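J.:
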Amino acid sequence: MRESLKVQPHHLERDAYLYIRQSSMRQVVENVESTKRQYALRGRATALGWRDEQIIVVDNDQGESGASAAWREGFQRLVSDVGMGRAGIVMGLEVSRLARNNADWQRLLEICALADTLILDEDGVYDPTSFNDRLLLGLKGTMSEAELHVIKARLRGGILNKVRRGEYRCTLPTGLIYDQSGNVRLDPDTQVSETIAHFFDTFSRVGSACQTVKAFRKDGLLFPSRLRNSQTTVFRPLTASTANAS
50 MRESLKVQPH HLERDAYLYI RQSSMRQVVE NVESTKRQYA LRGRATALGW
100 RDEQIIVVDN DQGESGASAA WREGFQRLVS DVGMGRAGIV MGLEVSRLAR
150 NNADWQRLLE ICALADTLIL DEDGVYDPTS FNDRLLLGLK GTMSEAELHV
200 IKARLRGGIL NKVRRGEYRC TLPTGLIYDQ SGNVRLDPDT QVSETIAHFF
250 DTFSRVGSAC QTVKAFRKDG LLFPSRLRNS QTTVFRPLTA STANAS
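Numbered per our numbering, the sequence shown spans residues 50 to 295.
#1: Enumerate in chain order the residues of its own chain whose CB-to-CB distance from D176 is below 7 Å, with the five nearest sequence positions on each side excluded.
#2: Over what stretch of residues does the beta strand (DSSP E) that includes S274 continue unbroken?
#3: Sort out for me which residues DSSP pairs Y68 with in a bridge.
#4: Might you give, ordered along the chain, the residues of its own chain that have their beta carbon closer than 8 Å to the beta carbon of S114, omitting 5 neighbours on each side?
#5: Would you call the segment 234–242 and the segment 250–257 in contact, with 3 or more CB pairs under 8 Å?
#6: At the level of alpha carbons, what is the spacing between T84 and I69?
#7: Roughly how many whole angstroms lie between the Cα atoms of D130 and D64?
#8: Taking the continuous beta strand (DSSP E) assigned at M140, which residues delimit it?
#9: Three-state secondary structure (DSSP) at P222?
#10: Measure the C-alpha to C-alpha separation of L225 and A152 and round it to an integer number of angstroms.
#11: Please tell me whether G190 and V144 are closer than 8 Å, where the distance is taken between their beta carbons.
#12: With distances taken Cα to Cα, identify the nearest neighbour of Y66 among E216, E79, A258 and N109.
#13: What are the start and end residues of the beta strand (DSSP E) that includes R296?
#14: Could you check what DSSP says for V56 in three-state terms: helix, strand or coil?
#15: Assuming the contact rule is C-beta atoms closer than 8 Å, P273 and T223 should be a hit. Round their C-beta distance to whole Å, please.
#16: Give the secondary structure of R93 by DSSP, where H, G and I count as helix, E and B as strand, and everything else as coil.
#17: On a Cα-Cα basis, can you pick out the residue from T244, G215 and K267 that is closest to S230?
#18: Give the C-beta separation of I160 and G132 to the nearest angstrom, bearing in mind that I take them to be a contact with Cβ-Cβ under 8 Å.
#19: Which of the three DSSP states, helix, strand or coil, is assigned to T282?
#20: Could you check if R121 is buried or exposed, using at least 16 other CB atoms within 10 Å of its CB as the buried criterion?
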């Protein structure tokens, strides 16, 4: 009942924005229950008075970290539409879905307050123009950012322990492999080693990564690339980003 009191006619005249995000594509595939719970927030919006056609789902940030909004197109669109007065309410399962960075969260809160846009999470509906609601939302943002720090520290601690025991295995550049003893060795595949040697010879001759790419394309040569999280190597056209990284 208290939630519905915060929803005014002028809020219902605007659209309801549902923001959905998982931090990685692995979570998108494996954490299906979290995704279902996020989409289920549509029911909360209709219960508060929004028509189904008014609910805009922003889910093109799937697989993107919430540590920064710089590369999240969906979040940038959300902030823009709120600022233009198109949103009556912004919905997210929890603060961490919208932002893990407190600066991004506070920016969204400020714009929502200026545009008189409500915020909804799993716990309830908040009015950013209300001091008490703004205070609670700010604390949630701080806790979300702190949680990310703890997660990173935990992961880093695990990696450092593996390093101390000599068991850590980082992803090696193409052309290097771990042998059975865990030592780094040149890839025994002659096609891989010869192509990489030719790459450096060409780079020394032409003097730039861009010219090296052009030389490879002119000769119809492919460059070895290791598939992510795999020991499988495939040959693809050489790109400028790969040449610069090499």
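Glycine included, C-beta positions come from ideal geometry on N, C-alpha and C. Predicted model, so just to flag it, every value in this text is computed and none were measured.
T.: Per the coordinate set shown:
#1: Here residue 176 corresponds to residue number 127 of the sequence shown, with the count starting at 1. Hits under 7 Å: K55, L167 and D182.
#2: Residue numbering aside, residue 274 sits at position 225 when the sequence shown is read from its first letter. First-last of the beta strand (DSSP E) with S274: L271 to R275.
#3: Residue numbering aside, residue 68 sits at position 19 when the sequence shown is read from its first letter. Paired residue(s): V107.
#4: Residue 114 sits at position 65 when you count from the first residue of the sequence shown. The residues are S72, S73 and R149.
#5: Segments in contact, no.
#6: Within the sequence shown, the letter at position 35 stands for residue 84. Within the sequence shown, the letter at position 20 stands for residue 69. Straight-line Cα distance between these residues: approximately 8 Å.
#7: Working through the sequence shown from its first residue, we reach residue 130 at position 81. Working through the sequence shown from its first residue, we reach residue 64 at position 15. So the two alpha carbons sit approximately 10 Å from each other.
#8: Locating residue 140 in the sequence shown gives position 91, counting from the first residue. For M140, the uninterrupted beta strand (DSSP E) run begins and ends at A136 to M140, by DSSP.
#9: Counting from 1 along the sequence shown, the entry for residue 222 is found at position 173. Note: P222 maps to coil in three-state DSSP.
#10: Walking along the sequence shown from the start, residue 225 turns up at place 176. Walking along the sequence shown from the start, residue 152 turns up at place 103. If you take the alpha carbons of L225 and A152, they lie about 41 Å apart.
#11: The residue labelled residue 190 in the question sits at position 141 within the sequence shown. The residue labelled residue 144 in the question sits at position 95 within the sequence shown. For G190 and V144, yes; Cβs fall inside 8 Å.
#12: Sequence index remark: in the sequence shown, residue 66 carries index 17 (1-based). Of the residues E216, E79, A258 and N109, the one whose Cα lies closest to the Cα of Y66 is N109.
#13: The question about residue 296 has no answer here: the residues shown for the chain are numbered 50 through 295.
#14: Start at 1 with the first residue of the sequence shown, and residue 56 comes out as number 7. Residue state, collapsed to three classes: coil.
#15: As a first step, residue 273 is located in the sequence shown; it is residue number 224 there, counting from the start. As a first step, residue 223 is located in the sequence shown; it is residue number 174 there, counting from the start. Correct: roughly 5 Å between the Cβ atoms.
#16: In the sequence shown, residue 93 corresponds to position 44, counting from 1. Correct three-state label for R93: helix.
#17: Along the sequence shown, read from residue 1 onward, the residue named residue 230 stands at position 181. Among T244, G215 and K267, the Cα nearest to that of S230 is on G215.
#18: As a working note, residue 160 is residue 111 in the sequence shown. As a working note, residue 132 is residue 83 in the sequence shown. The beta carbons of I160 and G132 sit about 5 Å from each other, so the pair counts as a contact at 8 Å.
#19: Translated into positions along the sequence shown, residue 282 becomes position 233. Residue state, collapsed to three classes: strand.
#20: Counting from one through the sequence shown, the residue named residue 121 turns up at place 72. R121 counts as buried, since no fewer than 16 other beta carbons sit within 10 angstroms of its beta carbon.
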